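*Asks:* One structure follows; several queries about it will come next.
In the working numbering, the protein residues as written are 497 to 892.
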């Protein structure tokens with residue numbers, strides 16, 4: 497298998513201490529909690545991690561894997577982390593503050609450069625304590641250990657246009673209000689389906705998703721059968737190409753979970769913000785179960801309890817119908833809203849009023865980020881601000 501920019505867990509070359517790319521210069525560590533750090537080196541190697549006057553050690557297992565936890569730290573920095581084993585690596589310009597994941601599909605991936613007033617935003621983007629790392633769009637059924645070509649970026653006029661707009665405006669509001677450094681992990685992938693973000697074993701173990709899993713399994717078998725066939729017809733060549741794109745794509749169950757999420761799953765975070773649902777709108781009733789399952793899967797495997805998870809309800813989109821009728825997008829919004837009552841520490845930013853009916857990618861991302869930030873400010877930072885949108889209760 498050839499993977500550009502990423503490293504399969506089974507193919508990491510030993511002989512030196514290695515870290516996944518989430519650990520790098522200008523990173524942000526989550527304050528007031530121990531933070532997991534992991535890597536690879538020669539089997540049986542003792543690895544020492546130093547941060548200021550604090551040191552922790554770990555010993556690699558037979559496969560060369562090591563893992564330990566950095567002690568809890570207060571807001572501060574810049575710090576230097578030194579990792580010493582069979583070789584030594586130094587991580588510079590490390591801040592301690594708040595770390596959030598910004599995830600979902602294209603409206604979260606949407607950059608500052610693509611949003612309203614990108615020229616003015618770039619000119620004003622002097623926030624050295626706001627950092628972001630953008631992960632690539634890599635689909636895989638095998639866990640990807642690292643994406644070595646992706647690095648943390650400091651918010652300045654050069655880097656700011658590449659930031660997720662919703663992630664940036666969320667971070668900026670939190671930073672301006674609290675003064676705390678903010679790190680954003682951007683792993684959004686445009687067009688992605690919710691099931692692509694879930695561990696395949698979790699989906700397989702839940703009978704509600706048997707049909708989905710079986711359909712994709714049949715597609716994989718068909719792709720392998722066509723790939724192994726020597727004398728393919730033109731029709732079979734086209735079918736194989738189409739199936740190959742699906743096998744690597746952002747709709748296949750667990751593809752993004754393995755190809756993107758696994759490389760930083762477990763990194764110390766405060767919480768996550770999410771903007772997704774467009775690709776699942778045709779299956780809104782299924783989303784009632786799938787979306788909460790995904791959140792529960794993330795929380796369990798991240799190992800940080802029921803961390804805050806805030807999402808954006810789908811905006812206004814599509815032509816206004818002349819007659820009343822069913823709406824898949826309205827049903828998806830309902831499924832999102834129902835999740836508020838099913839899972840704790842969740843919140844929903846309603847943006848029905850700032851969508852663009854003829855554009856699935858509304859350009860006003862400032863208010864989206866701010867509305868998500870209101871939830872975080874109210875619930876995580878003890879600041880009294882209005883954050884909940886009106887919810888339907890009853891009718892007479």
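A virtual CB, placed ideally from N, CA and C, is assigned to each residue, including glycine.
A quick note: this is a predicted structure, and the numbers were derived from the prediction, not measured.
If I follow the unbroken alpha helix (DSSP H) through residue 698, where does it start and stop?
*Replies:* Working through the chain shown from its first residue, we reach residue 698 at position 202. Element bounds for residue 698: 696 to 700.
*Asks:* Span of the beta strand (DSSP E) holding residue 534?
*Replies:* Translated into positions along the chain shown, residue 534 becomes position 38. Element bounds for residue 534: 531 to 536.
*Asks:* Here's a check: name, in chain order, each residue in its chain whose Cβ is nearer than 7 Å to the Cβ of residue 784, leaving out the five neighbours to either side.
*Replies:* Position 288 of the chain shown, counted from the start, is the residue given in the question as residue 784. So the list reads 831 and 834, once near-sequence residues are dropped.
*Asks:* Whether or not the segment 643 to 654 and the segment 623 to 634 are in contact is what I'm after, with contact meaning three or more pairs of Cβ atoms, one per stretch, closer than 8 Å; do they touch?
*Replies:* These segments touch.
*Asks:* Between residue 746 and residue 687, what straight-line distance do the alpha-carbon atoms span, to the nearest angstrom?
*Replies:* Numbered from its first residue, the chain shown carries residue 746 at position 250. Numbered from its first residue, the chain shown carries residue 687 at position 191. One C-alpha to the other measures close to 7 Å.
*Asks:* Along the chain, which unbroken stretches of the alpha helix (DSSP H) at least 4 residues long are found entirely within the segment 647 to 715?
*Replies:* Segments of the alpha helix (DSSP H) lying fully in the segment 647 to 715: 661 to 674 and 696 to 700.
*Asks:* Do residue 771 and residue 600 count as a contact pair if the criterion is CB distance below 8 Å?
*Replies:* Numbered from 1 along the chain shown, position 104 holds the residue referred to as residue 600. Numbered from 1 along the chain shown, position 275 holds the residue referred to as residue 771. Yes.
*Asks:* Closer than 8 Å is the cut-off here; do at least three beta carbon pairs connect the segment 726 to 734 with the segment 561 to 570?
*Replies:* No, the segment 726 to 734 is not in contact with the segment 561 to 570.
*Asks:* Should the segment 836 to 851 be regarded as contacting the segment 786 to 801, the criterion being three or more beta carbon pairs within less than 8 Å?
*Replies:* Touching, yes, given that three or more Cβ pairs across the two stretches are closer than 8 Å.
*Asks:* Pull the bridge partners of residue 628 from the DSSP assignment, please.
*Replies:* As a working mapping, residue 628 is identified with position 132 in the chain shown. In DSSP, residue 628 forms a bridge with 649 and 680.
*Asks:* Select from 620, 644 and 674 the residue whose C-alpha is nearest the C-alpha of residue 657.
*Replies:* The sequence position of residue 657 within the chain shown is 161, counting from 1. Closest option to residue 657, Cα to Cα, is 620.
*Asks:* I'd like the ranges of any alpha helix (DSSP H) spanning at least 4 consecutive residues and lying wholly in the segment 763 to 845.
*Replies:* Within the segment 763 to 845, the complete alpha helix (DSSP H) runs of at least 4 residues are 780 to 798 and 824 to 838.
*Asks:* Taking the continuous beta strand (DSSP E) assigned at residue 589, which residues delimit it?
*Replies:* Locating residue 589 in the chain shown gives position 93, counting from the first residue. Residues 584 to 600.
*Asks:* Closer than 7 Å by C-beta to residue 799: which residues in its own chain qualify, once you throw out the five before and the five after it? Chain order, please.
*Replies:* On the chain shown, position 303 is the one that residue 799 refers to. Counting only Cβ-Cβ distances below 7 Å, and skipping sequence neighbours, we find 762.
*Asks:* Report the CB separation of residue 828 from residue 773 in whole angstroms; it is logged as a contact under 8 Å.
*Replies:* Within the chain shown, residue 828 is the residue found at index 332, counting from 1. Within the chain shown, residue 773 is the residue found at index 277, counting from 1. That pair is a contact at about 5 Å.
*Asks:* What whole-angstrom Cβ distance do residue 812 and residue 848 have, given they're in contact under 8 Å?
*Replies:* As a working note, residue 812 is residue 316 in the chain shown. As a working note, residue 848 is residue 352 in the chain shown. Correct: roughly 5 Å between the Cβ atoms.
*Asks:* Looking at the unbroken alpha helix (DSSP H) that takes in residue 730, where does it start and where does it end?
*Replies:* The residue given as residue 730 occupies position 234 in the chain shown. 730 to 744 is the span of the alpha helix (DSSP H), which, as asked, contains residue 730.
*Asks:* Note down, in chain order, each residue of its chain lying with its Cβ closer than 7 Å to the Cβ of residue 754, except the 5 sequence neighbours on either side.
*Replies:* Stepping through the chain shown from its first residue, residue 754 is reached at position 258. Answer for residue 754: 636, 637, 638, 639 and 640, listed in chain order.
*Asks:* Suppose you measure from the CA of residue 765 to the CA of residue 744; what does that come to, to the nearest Å?
*Replies:* The residue you call residue 765 lines up with position 269 of the chain shown. The residue you call residue 744 lines up with position 248 of the chain shown. Whole-angstrom Cα-Cα distance: 28 Å.
*Asks:* Look at the Cβ atom of residue 581, then the Cβ atom of residue 543, and state whether they are nearer than 8 Å.
*Replies:* Taking the first residue of the chain shown as 1, we reach residue 581 at position 85. Taking the first residue of the chain shown as 1, we reach residue 543 at position 47. A contact, by the Cβ cut-off of 8 Å.
*Asks:* Can you find the residues in the same chain that come closer than 6 Å, C-beta to C-beta, to residue 696, ignoring five residues on each side of it along the sequence?
*Replies:* Reading the chain shown from its first residue, position 200 is the one you call residue 696. Excluding residues within five positions, the ones whose Cβ falls inside 6 Å are 749 and 750.
*Asks:* Per DSSP, residue 524 is paired with what?
*Replies:* Within the chain shown, the letter at position 28 stands for residue 524. Beta-bridge pairing links residue 524 to 591.
*Asks:* At what residues does the alpha helix (DSSP H) containing residue 874 begin and finish?
*Replies:* Translated into positions along the chain shown, residue 874 becomes position 378. Element bounds for residue 874: 862 to 876.
*Asks:* Measuring straight from C-alpha to C-alpha, what distance separates residue 881 and residue 666?
*Replies:* Taking the first residue of the chain shown as position 1, residue 881 is located at position 385. Taking the first residue of the chain shown as position 1, residue 666 is located at position 170. If you take the alpha carbons of residue 881 and residue 666, they lie about 15 Å apart.
*Asks:* Taking Cβ to Cβ, would you say residue 789 is nearer than 8 Å to residue 698?
*Replies:* Taking the first residue of the chain shown as position 1, residue 789 is located at position 293. Taking the first residue of the chain shown as position 1, residue 698 is located at position 202. Yes; because the gap between Cβ atoms is below 8 Å, this pair is in contact.
*Asks:* Ordered along the chain, which non-local residues of its own chain (more than five positions away) have a Cβ less than 7 Å from that of residue 508?
*Replies:* For this step, residue 508 is matched to residue 12 along the chain shown. Annotation note: pLDDT 44 at residue 508 (below 50); position unreliable, no value reported.
*Asks:* Mind checking residue 669: buried by the 16 CB within 10 Å criterion, or exposed?
*Replies:* The residue labelled residue 669 in the question sits at position 173 within the chain shown. Residue 669 comes out buried.
*Asks:* Under 8 Å, do residue 572 and residue 592 count as touching if we go by C-beta distance?
*Replies:* Translated into the one-based positions of the chain shown, residue 572 becomes position 76. Translated into the one-based positions of the chain shown, residue 592 becomes position 96. Cβ atoms of residue 572 and residue 592: closer than 8 Å.
*Asks:* Excluding the 5 residues flanking residue 532 on each side, which residues of the same chain have their C-beta closer than 6 Å to its C-beta?
*Replies:* One-based indexing of the chain shown puts residue 532 at position 36. Excluding residues within five positions, the ones whose Cβ falls inside 6 Å are 565 and 762.
*Asks:* Starting from residue 561 and walking both ways along the beta strand (DSSP E), at which residues does that stretch end?
*Replies:* Taking the chain shown and counting its residues from 1, one reaches residue 561 at position 65. Residues 561 to 566.
*Asks:* For residue 499 and residue 768, I'd like the C-alpha separation in whole angstroms.
*Replies:* For the purposes of this step, residue 499 is taken as the residue at position 3 of the chain shown. For the purposes of this step, residue 768 is taken as the residue at position 272 of the chain shown. With a pLDDT of 49 at residue 499, under the threshold of 50, the predicted position of this residue should be treated as unreliable, and no value is reported.
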